[in-house]
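Novice: In the working numbering, the protein residues as written are 612 to 795. C-beta atoms are modelled at their ideal positions from N, C-alpha and C, and glycine is treated no differently.
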């Protein structure tokens with residue numbers, strides 16, 4: 612097949628297209644044709660097309676390997692992105708739960724603080740009421756003691772003015788007798 616293609620290439624050359632077939636070295640077209648055929652022959656003999664094909668095949672294999680690696684990296688990046696998005700969603704859900712828990716705890720703490728404040732106010736109110744009652748009782752007791760002392764003083768004045776020495780002596784004797792009767 613190669614030989615047939617070389618023959619057809621020779622037949623289609625510009626040298627054949629000229630006015631006639633002149634196989635002389637003075638015909639520049641013929642010389643160029645012969646040089647071209649020799650050049651092609653040297654290239655084929657040196658297996659340059661096979662080497663070029665091998666190099667192109669190696670380059671194609673390298674490109675294919677790079678494309679496969681790029682596809683693998685793309686798939687890995689997609690999986691990493693999916694993992695990141697899933698983790699981000701989990702973290703967002705966890706943050707929402709934490710915020711909800713903190714809100715509930717804050718509301719609970721506020722309710723507890725209100726209850727504690729009401730209890731403290733009730734204790735202080737009860738303490739103030741007790742202090743007022745105690746002060747009131749002390750004031751009443753003090754007024755009674757003052758009234759008793761004033762009454763005793765007034766009674767002493769009245770008795771001292773009405774009492775004579777005989778009546779006082781008789782009154783003292785009666786009091787001693789009463790004390791003596793009570794003690795025995």
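Could you check the C-alpha separation between residue 722 and residue 729 for me, to the nearest Å?
Specialist: Here residue 722 refers to the residue found at position 111 of the chain shown. Here residue 729 refers to the residue found at position 118 of the chain shown. Rounded to the nearest angstrom, the two C-alpha atoms are 11 Å apart.
Novice: Answer yes or no: the CB of residue 755 versus the heavy atoms of the ligand SAM, is any distance below 7 Å?
Specialist: Among the components modelled here there is no ligand, and therefore nothing to report on the ligand SAM.
Novice: Give the secondary structure of residue 689 by DSSP, where H, G and I count as helix, E and B as strand, and everything else as coil.
Specialist: The residue labelled residue 689 in the question sits at position 78 within the chain shown. Three-state DSSP puts residue 689 in a helix.
Novice: Would you identify the three-state DSSP class for residue 775, choosing helix, strand or coil?
Specialist: Taking the chain shown and counting its residues from 1, one reaches residue 775 at position 164. Here residue 775 sits in coil by DSSP.
Novice: Mind checking which residues open and close the alpha helix (DSSP H) that includes residue 634?
Specialist: One-based indexing of the chain shown puts residue 634 at position 23. No alpha helix (DSSP H) contains residue 634, which DSSP labels as neither H nor E.
Novice: Using the Cα positions of residue 720 and residue 714, report the straight-line distance between them to the nearest angstrom.
Specialist: Counted from its first residue, the chain shown places residue 720 at position 109. Counted from its first residue, the chain shown places residue 714 at position 103. Cα to Cα, residue 720 sits roughly 10 Å from residue 714.
Novice: Secondary structure at residue 662, three-state DSSP: helix, strand or coil?
Specialist: Here the question's residue 662 lines up with position 51 in the chain shown. Residue 662 falls in the helix class under three-state DSSP.
Novice: Would a C-beta distance cut-off of 8 Å place residue 636 and residue 642 closer than the cut-off?
Specialist: As a first step, residue 636 must be located in the chain shown, where it is residue number 25. As a first step, residue 642 must be located in the chain shown, where it is residue number 31. Their beta carbons are under 8 Å apart, which means residue 636 touches residue 642 by this criterion.
Novice: Please look up how many angstroms separate the CB atoms of residue 654 and residue 660, rounded, as I've assumed it's under 8 Å.
Specialist: Along the chain shown, one-based indexing puts residue 654 at 43. Along the chain shown, one-based indexing puts residue 660 at 49. With a Cβ gap of about 7 Å, residue 654 and residue 660 count as contacting.
Novice: How many angstroms separate the CA atom of residue 780 from the CA atom of residue 750?
Specialist: Within the chain shown, residue 780 is the residue found at index 169, counting from 1. Within the chain shown, residue 750 is the residue found at index 139, counting from 1. Each residue's Cα considered, the two are about 38 Å apart.
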